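Colleague:
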Amino acid sequence: MSSLVFVKGFLFCHVFMPAVFSFSKSAIGSIDHGFGKHDGGTLFIEHVHYVLDVEPEISVSTYDKIMCAFKCLHQSFCLSFNYDARSPGNNSCELLSKNKYTLSERFQPSQFFNHYSLMSPCENGPCKKGAKCNPLYGSNGYYCERSPGSIEQGSPWIKLNKNVVCFGAKNDAFGNFTVTSHGTILTMRLVYISGFVTCNNRTVPYGSHWACKKGSRIATIVTSAAKNVIFPEDYKNKSYSLVGYHANSSELVFPPRSKPLKVTNGEEYQIWYNEDFVNGEEFNNGGQTCVNVYALYES
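Numbering (the numbering used here), first residue to last: 1124 to 1422.
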C-alpha cells in the first residue's frame, strides 16, 4: 500500500493512496509538456513496487525521484518513468516513451522499482470489453482501441487517403489527401509507411521519419488547401515537440484541437515538412516520407 504524495514545487503532504506528484511551472522554469496540467503543474501518479517492463529511452542515475521526474519533464518523448527506490543518492532512473495504459501486460510487480505515470483519464479504466485506453496527450481526452484502427468508444479512426500520401522536404513537395467523411474531426493520426526526410542531404540516408534527423524536433505539419496549419494547433512556424513521439516514431497522433475541425467530403488537406512550408533554408533538404492518414471524428 502506498500513500498519496502531493508535490507542488518541493512541498510534500502525505494523504492517501495512490501517490500523485504535481510539478509547478515556477519550480521547473520553462519546462512545459502541454499536458496533464493542474494549477499550472504536471501530475505524476506513483505506483509503488510496480515497473513498466520496457526498454528505456534513457537510463540515468539521480539523487531521488523528484530529480528523476525533472529528467522526464525535460524530454518531450517521456510519458512515464521507473525509479529504483532502494536507497537515495545514486538510483536508476529510467525514462520511458511508453505508458502503462497501452502496455498493461508489461506493467508488473517489482521488488525494487516504483513506476510513475502521467495523470490521464485512462487511470480510471473507462474502456470496456478489454479495449485499451489511449491517452490523447495535450488534452484531457482518450480513445479506446481493441486493435490498431479499431476504436471501442466514440467514432472510429477513419482512413482518409485512398493511396499512400508522400511528402518531401523542399520545392513545395507537400503530400495531399481529401476528406472522405463529413463531420467534426478531433485529431489526426499519421502512420509511417516508408522513406525519410532530412534538412541536410549530406546525411542521406540518415534522416528520419518526421524531422531533420534522429533526435531532432518534429517538423511534420498538416494544413488546409489554403495553407492554414491544422495540426499541431499551436504551430509557430518552426519544428516542435509532440509529447510521446520522436523523429522516428512509427506514427504521430496530434493533440485534439481546442476547436474541433468541421469538414466536408472532398476537402483537400496537405502534409508538409516545416522548412518547405515556410520556404526556409531548404536548398540542401532531401528525402520523402510516405504515410497513411487517419482522423478521429467526434461522435
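Note that the Cβ used here is the ideal one computed from N, Cα and C, for glycine as well. Remember, it's a predicted structure, so these values are computed and weren't measured experimentally.
Give a yes or no on whether the C-beta atoms belonging to N1284 and F1300 are separated by under 8 angstroms.
Modeller: yes
Colleague: Here's a check: name, in chain order, each residue in its chain whose Cβ is nearer than 6 angstroms to the Cβ of S1373, leaving out the five neighbours to either side.
Modeller: Y1315
Colleague: Who does M1311 pair with in a DSSP beta bridge?
Modeller: Answer is A1418.
Colleague: Across the region 1305-1319 and the region 1395-1402, are there enough close Cβ pairs to call them in contact, namely three or more that are closer than 8 angstroms?
Modeller: Fewer than three beta-carbon pairs drawn from the region 1305-1319 and the region 1395-1402 are found closer than 8 angstroms, and the two stretches are therefore not classed as touching.
Colleague: Between the alpha carbons of C1216 and F1193, how many angstroms are there, rounded?
Modeller: 11 angstroms
Colleague: For C1191, which of helix, strand or coil comes out of DSSP?
Modeller: In this structure, DSSP gives C1191 a helical state, which the three-state scheme calls helix.
Colleague: Express the C-alpha separation of Y1417 and L1166 in angstroms, rounding to a whole number.
Modeller: 29 angstroms
Colleague: Candidates L1175, S1243 and L1259: which alpha carbon is nearest L1218's?
Modeller: L1175
Colleague: For E1421 and E1169, what's the separation of their Cα atoms in angstroms?
Modeller: If I take the Cα positions, the gap works out to 32 angstroms.
Colleague: Identify every run of the beta strand (DSSP E) within the region 1329-1408, keeping only runs that are complete inside it and at least 3 residues long; order them along the chain.
Modeller: 1343-1347, 1352-1354, 1374-1376, 1384-1386 and 1391-1396
Colleague: CB-CB under 6 angstroms to Q1411, same chain, minus the five flanking residues each way: which ones, in chain order?
Modeller: C1289, G1291 and G1318
Colleague: So R1229 and V1302 are supposed to be a Cβ contact under 8 angstroms. How far apart are they, rounded?
Modeller: In fact, because the Cβ distance is near 36 angstroms, the residues do not count as touching under 8 angstroms.
Colleague: When you compare the CB positions of G1306 and V1386, do they come within less than 8 angstroms of one another, or not?
Modeller: yes
Colleague: Tell me the DSSP bridge mates of F1319?
Modeller: Q1411
Colleague: What is the DSSP secondary structure of S1227, counted as helix, strand or coil?
Modeller: Residue state, collapsed to three classes: helix.
Colleague: Which of helix, strand or coil does DSSP assign to E1169?
Modeller: Of the three classes helix, strand and coil, the one that applies to E1169 here is strand, per DSSP.
Colleague: Between A1348 and the rest of its own chain, which residues show a CB-CB distance below 8 angstroms, the 5 nearest in sequence each way excluded?
Modeller: N1299, E1390, E1391, Y1392 and Q1393, listed in sequence order.
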